[in-house]
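Input: a single structure, listed below in structure tokens.
Number of protein chains: 2
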Amino acid sequence: MGTIYDLAKMTGFSITTVSKALNNYSDVSEKTKAKIVQAAAEMGYLPNAHAQSLSTKRSWTIGVMFSEAHGVGMMHPFFNAIIESFRKATEQQGYDLIFASRNLRNRDMSYLEHFRHRAVDGIVVICSDQMDQHVQELIQSTIPIVVVDMDSADCSVVYSDNITGGTLAINHLHELGHRLIAHIAGDTSTDAGRARIEGYQQAMEQLDLPIPDGYLVNGGFFSGEEGKRAMNELLALPERPTAVFVAGDEMAIGAIEAIHEAGLQIPEDISVVGYDDIYVAKYITPKLTTVRQDTETIGQHAASVLIEQIVNKKRVTTRDVIPVNLMVRQSTGPVPE
Amino acid sequence: MGTIYDLAKMTGFSITTVSKALNNYSDVSEKTKAKIVQAAAEMGYLPNAHAQSLSTKRSWTIGVMFSEAHGVGMMHPFFNAIIESFRKATEQQGYDLIFASRNLRNRDMSYLEHFRHRAVDGIVVICSDQMDQHVQELIQSTIPIVVVDMDSADCSVVYSDNITGGTLAINHLHELGHRLIAHIAGDTSTDAGRARIEGYQQAMEQLDLPIPDGYLVNGGFFSGEEGKRAMNELLALPERPTAVFVAGDEMAIGAIEAIHEAGLQIPEDISVVGYDDIYVAKYITPKLTTVRQDTETIGQHAASVLIEQIVNKKRVTTRDVIPVNLMVRQSTGPVPE
DNA sequence: CATTTCACCGAAAGCGCTTTCGATAAATTT
DNA sequence: AAATTTATCGAAAGCGCTTTCGGTGAAATG
């Protein structure tokens with residue numbers, strides 16, 4: 001503890017000089033700089049971030065907002081991996097992350113209001129719901145922002161190449177001989193959900209494969225429960241698919257459960273390919289074939305495009321589509337005879 | 001945007017009165033309060049948090065530190081679930097969470113220093129490594145603190161009843177007829193790892209079961225890889241266990257993979273019980289029997305004990321041990337003949 | 001030697017807010 | 001009617017820091 005005044009008294013210099021010394025101004029002699037820096041170290045002096053922010057109008061904080069749309073909060077492994085990567089990248093530049101709520105001492109307020117209150121330097125939002133009012137409000141504001149996993153023309157975005165992801169999965173299944181390929185989709189209110197459907201449809205058309213009625217089933221918001229339910233719908237179909245492309249790994253794991261409960265084998269009876277490549281994907285039985293999203297680069301790119309805006313004090317709107325790749329493991333195999 | 005000065009000018013009152021009105025002081029008439037509040041709403045006025053903190057010495061922020069010991073960061077599902085619950089509880093009281101790094105504009109500093117710099121009101125640390133220097137430094141400081149998943153005599157702690165968790169698992173296996181029960185342990189540098197070993201050993205002794213050489217194998221830091229490796233060691237033993245208690249779910253999933261690769265069935269040949277009950281536990285094949293940690297209550301309790309300290313401006317040292325319970329699913333079954 | 005330049009330092013204002021304390025006018029009491 | 005209380009407001013100091021701008025003495029220049 002101790003303020004800049006204490007340091008000034010201790011060293012005999014004015015607070016002006018102390019501040020300059022600490023900030024490495026050129027109009028302070030090396031000798032006094034050294035004295036001051038050492039004294040600071042001795043007394044364990046640390047500048048008060050609030051005072052600094054107040055006077056510089058720069059807080060070195062980045063506000064993060066998770067879409068709480070479906071109560072996943074910060075628990076979804078995919079979102080999480082991204083934020084972790086984002087955090088590493090931004091902390092290297094000296095920024096701290098702040099998770100703001102919509103509650104300011106029991107006063108209800110929007111995220112934008114809260115972020116303005118906290119005077120964050122920039123905002124990262126991880127959200128897949130186009131319609132989220134709070135997100136739209138953030139996007140329309142003047143604060144530097146980057147949004148992940150969603151598209152928008154009004155701000156910088158970074159997300160996976162989900163269309164290619166879909167085609168990758170379908171082509172892989174096609175090469176294994178599958179012709180009856182279903183898709184358990186993410187909700188169409190999400191960009192990711194829609195793009196993967198798009199990829200599925202494009203690939204099927206390209207391959208001249210029909211999409212039978214009921215082969216495109218909505219799996220909702222990527223949960224295990226919904227994946228299971230959706231798979232059961234597929235299993236009840238008159239012409240059962242031999243392969244299914246699932247728009248999320250947790251959903252895929254739910255689907256696998258359904259398949260097993262129906263007494264069927266994977267991949268002998270049905271092949272399944274997931275999406276995301278969450279941590280456990282390669283450990284479960286059968287090891288999950290899945291489209292891997294590069295959370296590492298997504299986080300890094302998001303960080304750099306945000307920081308660039310902050311540094312240049314200028315909002316930009318870029319679109320950064322990150323490649324995905326297929327991890328072939330053991331949940332897919334040749335089509336059954 | 002706009003400051004309190006603008007509001008003052010706009011309403012014709014002094015900034016003193018404006019501030020008081022906004023903070024609901026009693027020496028401002030209801031009439032002028034109403035005027036000011038409305039004007040504030042009209043111009044979208046929001047108080048600057050930094051200025052407030054500077055003058056009140058209260059920042060309404062809580063610093064969170066994850067033990068980065070083994071590079072898991074905020075990605076581990078168990079830690080994550082806790083933080084999510086903690087976040088919900090604290091945000092209801094008006095606090096924001098800040099994830100600080102050890103990097104302050106390319107100056108290296110400790111977490112304590114960083115938190116002091118940011119002037120957080122309290123700290124939550126989620127860590128299992130007793131020896132972490134940074135954590136010890138935090139604990140010895142004067143800032144209100146709560147640590148999760150670790151024991152300490154010098155601060156408030158909240159963690160699961162891991163000893164009971166261990167005995168729960170062993171007793172369950174014993175009831176199923178198992179006598180050859182091994183344990184893939186978490187590293188003994190972690191409290192959780194040690195306590196679960198303790199529970200294992202206590203239960204085995206209680207049941208008069210010997211622990212053969214090699215039946216207690218270190219699984220390191222709870223990763224899938226290490227679980228797999230440890231399981232392979234067990235499989236190579238002259239007398240193979242019929243059941244294994246694994247100190248973490250991800251580790252258990254790795255162990256399951258090893259068992260399957262050895263051509264053995266679960267639970268027919270070997271039963272396995274995990275620890276944590278992570279999200280996917282109930283979806284994988286076979287559905288994992290596991291000791292469930294109550295992340296919800298852990299987070300809530302951590303929040304309330306921290307906030308209590310903040311409000312009372314007085315550090316307390318409490319120990320809050322949260323009960324666990326066994327989720328019996330399909331990875332455990334009767335001992336093979 | 002007079003003048004300009006340069007290196008180094010500090011006074012002071014300002015960032016946006018809270019809070020103490022005193023001032024004033026109105027209301028109440030004697 | 002005088003004295004006291006009450007209700008309402010504002011001046012000013014302070015929170016800890018940055019930054020502009022001016023000042024001083026020493027060194028460099030003519």
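Chains F and A, in that order, are what the protein sequence lines are. Under the UniProt record's numbering, the first residue of the first sequence carries the number 1, and numbering increases by one thereafter. Under the UniProt record's numbering, the first residue of the second sequence carries the number 1, and numbering increases by one thereafter. C-beta: ideal position from N, C-alpha, C; glycine also.
- For F:N171, the closest of F:N325, F:M231 and F:A8 by C-alpha to C-alpha distance is F:N325.
- Interface flag for A:S59 against chain F is set, since a Cβ pair is found closer than 8 Å.
- Scanning chain A for C-beta atoms nearer than 9 Å to the C-beta of F:E257 yields K282, Y283, I284, T285 and K287, reported in chain order.
- Spanning the alpha carbons of F:S55 and F:H117 requires a straight line of approximately 15 Å.
- Short of 7 Å from the beta carbon of F:K228, and not among the five residues preceding or following it, lie these beta carbons of its own chain, in chain order: G254, A255, E257 and A258.
- Within the DSSP secondary-structure output, F:S59 pairs in no beta bridge.
- Take the alpha-carbon of A:A34 and the one of A:V18: they are about 11 Å apart.
- Contact annotation for F:S53 against chain A: H50 [CB-CB distance below 8 Å, chain order].
- In terms of Cβ geometry, F:V273 and F:L173 form a close pair [threshold 8 Å].
- With a cutoff of 8 Å on beta-carbon distance, F:P238 and F:L180 are scored as not near each other.
- Looking at the backbone, the Cα of A:H301 and that of A:D187 are separated by about 26 Å.
- Interface residue (Cβ-Cβ distance to chain A less than 8 Å): F:P336 is not classified as such.
- Identification of chain F residues near A:H134 by a Cβ-Cβ cut-off of 8 Å yields none; the smallest Cβ-Cβ distance measures about 14 Å.
- At a C-beta separation below 7 Å, F:L46 has these neighbours in chain A: E113, R116 and H117.
- Taking 8 Å as the CB threshold, F:I98 lines the interface with chain A.
- F:V316 counts as exposed, since fewer than 16 other beta carbons sit within 10 angstroms of its beta carbon.
- For F:G227, the enclosing alpha helix (DSSP H) begins and ends at G224 to L235.
- For F:D276, DSSP records a beta bridge to F:R292.
- Contact holds between the region 151-163 of chain A and the region 191-201 of chain A, because three or more Cβ pairs, one in each stretch, are under 8 Å apart.
- With respect to the 8 Å criterion, F:A89 and F:A247 are not classified as neighbours on the basis of their beta carbons.
- Contact of F:I298 with chain A is not assigned, every C-beta pair being separated by 8 Å or more.
- Taking a contact as a CB-CB distance under 8 Å, the pair A:G122 and A:P144 counts as one, their CB atoms being some 4 Å apart.
- When the beta-carbon positions are compared, A:S101 and F:E91 come within less than 8 Å of each other.
- Note on geometry: alpha-carbon atoms of A:A8 and A:S14 lie some 5 Å from one another.
- For A:S141, no beta strand (DSSP E) segment is defined, and its DSSP state is neither H nor E.
- At a cut-off of 8 Å between C-beta atoms, F:I253 counts as an interface residue with respect to chain A.
- F:M327 and A:Q201 have their C-alpha atoms spaced approximately 41 Å apart.
- Contact of A:Y279 with chain F is assigned, a C-beta pair being separated by under 8 Å.
- By the criterion of a C-beta distance shorter than 6 Å, A:G177 is surrounded in its chain by P334 and V335, once the five residues flanking it on both sides are discounted.
- At a C-beta separation below 9 Å, A:E250 has these neighbours in chain F: Y279, V280 and Y283.
- Rounded to the nearest angstrom, the gap between the Cα atoms of A:K282 and A:L288 is 6 Å.
- Restricted to the UniProt domain "HTH lacI-type" (3-56) of chain A, the alpha helix (DSSP H) segments that are unbroken, complete and at least 4 residues in length are 4-11, 15-22, 30-43 and 49-56, listed in chain order.
- Assigned with DSSP and collapsed to three states, F:Y159 falls in strand.
- When rounded, the separation of the alpha-carbon atoms in F:M1 and F:A51 is 14 Å.
- For F:I98 against A:D277, the beta-carbon gap comes to about 30 Å, at or over 8 Å, which does not count as contact.
- CA-to-CA, the gap between F:L216 and F:A185 works out to about 7 Å.
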